[in-house]
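Engineer: Let me begin by handing over the structure; questions about it come next.
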Amino acid sequence: MASTKAEISSSSGEPKGSRLWQAPYVGIVVLIAMLLGIGLAHAVMRAIEEALGHDLTYIAQLFIGAAAVIWLWYGVKSKSENFATWTGFFTGIVIWMTWVELFYMYYGRKNFGMMPRVDGGVSTEPEYLIMTATTGVLMFMLVFYIFDKDTRCNMFVWFQKKLGLREGLGPSTKTARDRNYAIITFMETVYVTWFCYAWNLLVFDPAFVGYGKDAFVAELATVFVSITWGGYCFSRLLKYRRTSTAVRYGIPTANILWISVEIMSGWGLMTEVWLQPSKYVVEVLAITTAFAVLSVLIYRAPKKPSELQEW
Amino acid sequence: MVNRIVSVIIMGMLAGIAGAENTTSRVKIHPGMGGVSDIGNTDCSLFNEMHYNGPTGMEHHVLTWVQGYVFAKTGANIDTLLEPLPDGGGWDFDSLSRVFVDYCKANPDAKVSAAAISLWSVLESGQSAPSAQLGVTDLMQGRP
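Written out as structure tokens, the structure reads:
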């Protein structure tokens, strides 16, 4: 599919002619792009809802999601790791925004007629009340990934080592070349988004954490875990030089850090301009432009030989 | 004479609301549940937010509450009020709901119970259902 223009130094494996696309800059640029991407995804969803109204949004989201699957089909067929990775990321976000949120929204608001949760103002919309209920499904899938010997996710491999599973599971039957980066990145994007949503929603659920000071303790602990865990991931991301790998690692890093953004917004420390795109047009346009520029830069960045080989 | 009776009823309802506020502040719903414990004592600004983010047709649910609320206060129901009007004044579920939805939009600082009273005031004045372009302000000002 799409090829990437890159000058490669065959002897060192380092991209030639670029002092920018090296550690730690690759990781920094990727993290900023991923954080902007999350904000932008929120803004796009809200903009569609504001422009079309709820009823038309349900219909539009069905078709937007279907278009994303067609795009994913191209990514899965592609032999370019770069294209496949970005395809998986974008289609994962779009599928989450459309099909996943669409059905929660349709059933929450229209079919089940659920009232939003209120704490001062509306704190949790019906679709997110349903989403919290999917935590059990999320957890059993987590069990599968922890016990899957073919997983290459650093976190699951860490669990396997700590649980003494590596020997029992045996060597992986798959090599890097057996993997399809489009579908891997797609699933990673959807699963990480789901996990972070569930985490966030549980921390915002007064049934678990209470109100006021009681909730503040849980929120503070979450911010600590989010920044510590996300910071650790970021410190690893800073060492990446392969942009495709950095993008795949940047997805969970940004999402974990984003949990703190949500909580700080809940504390009133910041205004989430992406939730009101019609009110903050200039700001959202700036985010969109920045994300687009960074994405193009990362996509077109010089690649290492291993990223250009077909698998 | 009729106007005086209506005024007394409305004053009575307002007094009831004022009295009710002291007792309903203790009412709470289970933590984590959606909705509010006392819709009548809820500010219109919150109602507006809930209406946008809430279930489709939420205003119809609230209309049934409005009927119960005003019936408890006055002994009158919507059918009684619409009976004298030819063809019921063209009122239906949507147009009835729209009166208090529009009222809350125009008066975010008011209580939802005041919005309920606004609907009754409109019906008691014998007005027909407004066209889709008109809002509660037009009805209050007597514009058909």
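Going line by line, the protein sequences match chains A and B.
Residues 471 to 781 in the numbering used here are what the first sequence spells out, letter by letter.
Residues -18 to 125 in the numbering used here are what the second sequence spells out, letter by letter.
Ideal Cβ placement from N, Cα and C applies to all residues, glycine included.
All of these numbers come straight from a predicted model, not from anything done at the bench.
Determine the direct distance from the alpha carbon of residue 96 of chain B to that of residue 16 of chain B, and round the result to whole angstroms.
Structural biologist: 18 Å
Engineer: Residue 696 of chain A and residue 729 of chain A: beta carbons closer than 7 Å?
Structural biologist: yes
Engineer: With a threshold of 16 other CB atoms inside 10 Å of the CB of residue 702 of chain A, please say whether the residue is buried or exposed.
Structural biologist: exposed
Engineer: When you compare the stretch 710 to 725 of chain A with the stretch 654 to 670 of chain A, are there three or more beta-carbon pairs, one atom per stretch, that lie closer than 8 Å?
Structural biologist: yes
Engineer: Does DSSP put residue 619 of chain A in a helix, a strand or coil?
Structural biologist: coil
Engineer: Say whether chain B places a C-beta atom closer than 7 Å to the C-beta of residue 597 of chain A.
Structural biologist: no
Engineer: If you measure between the beta carbons of residue 743 of chain A and residue 753 of chain A, is that distance less than 7 Å?
Structural biologist: yes
Engineer: Can you tell me the Cα-Cα spacing of residue 110 of chain B and residue 21 of chain B, whole angstroms?
Structural biologist: Rounded to the nearest angstrom, the gap between the Cα atoms of residue 110 of chain B and residue 21 of chain B is 24 Å.
Engineer: Flag this pair as touching only if the stretch 748 to 766 of chain A and the stretch 531 to 548 of chain A have three or more C-beta atom pairs under 8 Å; answer yes or no.
Structural biologist: no
Engineer: So with CB distances below 8 Å, who are the chain A contacts of residue 37 of chain B?
Structural biologist: Under the 8 Å cutoff, chain A gives 524, 525, 579, 580 and 583.
Engineer: Can you look up residue 8 of chain B in the DSSP assignment and give me helix, strand or coil?
Structural biologist: coil
Engineer: Quick one, which residues of the stretch 655 to 677 of chain A are near chain B if we go by CB-CB under 9 Å, in chain order?
Structural biologist: 675, 676 and 677
Engineer: Consult DSSP for residue 73 of chain B and reduce its assignment to one of helix, strand or coil.
Structural biologist: coil
Engineer: If you drop the 5 nearest sequence neighbours on each side, which residues of the same chain put their C-beta closer than 8 Å to that of residue 10 of chain B?
Structural biologist: Closer than 8 Å at the Cβ level, and outside the excluded window around residue 10 of chain B, lie 16, 17 and 18.
Engineer: By how many angstroms is the C-alpha of residue 562 of chain A removed from the C-alpha of residue 538 of chain A?
Structural biologist: 8 Å
Engineer: Taking residue 535 of chain A as part of the alpha helix (DSSP H), name the residues at either end of that continuous run.
Structural biologist: 495 to 547
Engineer: When you compare only the Cα positions, how much space is there between residue 546 of chain A and residue 559 of chain A?
Structural biologist: 12 Å
Engineer: Note down, in chain order, all residues in the stretch 21 to 34 of chain B with a beta-carbon under 7 Å from any beta-carbon belonging to chain A.
Structural biologist: Within the stretch 21 to 34 of chain B, the residues whose Cβ lies closer than 7 Å to any Cβ of chain A are, in chain order, 27, 30, 31 and 34.
Engineer: Evaluate residue 5 of chain B with the Cβ neighbour count: other Cβ atoms within 10 Å of its Cβ, from every protein chain shown; 16 or more gives buried, anything less gives exposed.
Structural biologist: With a pLDDT of 48 at residue 5 of chain B, under the threshold of 50, the modelled position of this residue cannot be trusted; read the value that follows with caution. That one is exposed.
Engineer: In the DSSP assignment, the beta strand (DSSP E) including residue 643 of chain A goes from what residue to what residue?
Structural biologist: First-last for residue 643 of chain A: undefined, no H or E at that position.
Engineer: Beta carbon of residue 731 of chain A: closer than 6 Å to some heavy atom of the ligand ZN?
Structural biologist: With respect to the ligand ZN, the structure offers nothing, as it holds no ligand at all.
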